[in-house]
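Here the sequence shown stands for residues 6 to 175, where the numbers follow our numbering.
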Amino acid sequence: MLLRTVVFFGVLQAIVVAVGLSIIDIVRRSARPYDAVLGWVPELEGYRDVALHPKAEVTPGAVVYRLDDRLFFANATYVRGRIEEALRGAPTETTALVLDAEAITHIDSAGLQALADLADSLDDDRIELHFARAKHAIGERIAGKVEGARFHGTVRAAVVAAVRGETETG
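Below, the structure is given as structure tokens:
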């Protein structure tokens with residue numbers, strides 16, 4: 006396709022078309038990012054995707070969710086829907102959502118608003134929201150927008166705090 010564009014329109018226009026198509030492709034792929042509900046895998050001593058690890062143990066009362074991409078305008082609504090789906094699919098009554106934020110590299114204003122709206126909705130349902138492993142800059146942005154955000158250094162620490170009902174950040 007690029008060769009035809011060069012032949013018909015010229016090199017500069019072909020470069021513009023290629024850059025435009027690349028941007029569209031990046032947004033398209035990020036609109037439905039990889040995500041997972043996590044469970045504890047004793048042999049690996051860590052939280053892993055329950056779809057890939059059938060022996061993963063889901064903590065009663067807590068849903069651990071991981072997003073492996075940025076949270077921005079193109080996927081904010083999708084991600085919120087996936088989180089709500091994970092909460093509805095929990096095997097026990099949920100009292101806490103732990104969001105493993107390690108792989109979140111960027112959050113724009115739409116992503117922050119989605120998190121704030123989610124936090125309000127969770128609060129109405131008496132579900133605590135905990136963040137695990139958030140990078141410093143991401144944590145600061147979340148803390149500035151999501152009232153009562155709780156931060157923890159590890160997923161394990163977040164789950165333990167969530168199950169115990171602790172409200173302090175760690």
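All C-beta atoms, glycine included, are put in the ideal place defined by N, C-alpha and C.
As the structure is a computational prediction, the values presented were derived from the model and not from experiment.
Neighbourhood of residue i by C-beta distance below 7 Å, restricted to the same chain and skipping five residues each side
i, result
"A167", "A67, A101, V103, E133 and H135"
Cutoff 6 Å; reference residue i; Cβ partners in own chain excluding five residues on either side
i, result
"E107", "R138"
"R71", "A41, L43 and D105"
"T64", "V164"
Boundaries of the alpha helix (DSSP H) in which residue i is found, first to last residue
i, result
"A162", "V160 to R169"
Between the CA atoms of residue j and residue i - distance to the nearest angstrom
i, j, result
"A142", "V21", "33 Å"
"P59", "R34", "27 Å"
"I112", "I147", "8 Å"
"I29", "Q18", "17 Å"
"R161", "A61", "14 Å"
"A95", "L117", "25 Å"
"E152", "T159", "21 Å"
"V55", "V16", "49 Å"
Test item: CB-CB of residue i and residue j under 8 Å
i, j, result
"Y39", "D74", "yes"
"K150", "A115", "no"
"V164", "V69", "yes"
Same chain only: Cβ atoms within 8 Å of residue i, ignoring 5 sequence neighbours per side
i, result
"A119", "L76, A81, T82, V84 and R85"
"A109", "The amino acid occupying residue 109 in the given sequence is Ile; Ala does not appear at that position. Around I109: L72, D74, R75, L76, A139, K140 and I143."
Supposed close pair residue i, residue j - CB separation, criterion 8 Å
i, j, result
"A36", "A79", "5 Å"
"I88", "L57", "No, I88 and L57 are not in contact; Cβ-Cβ is about 19 Å, not under 8 Å."
Endpoints, the beta strand (DSSP E) within which residue i is located
i, result
"L127", "First-last for L127: S114 to D129, but that is the alpha helix (DSSP H), not the beta strand (DSSP E)."
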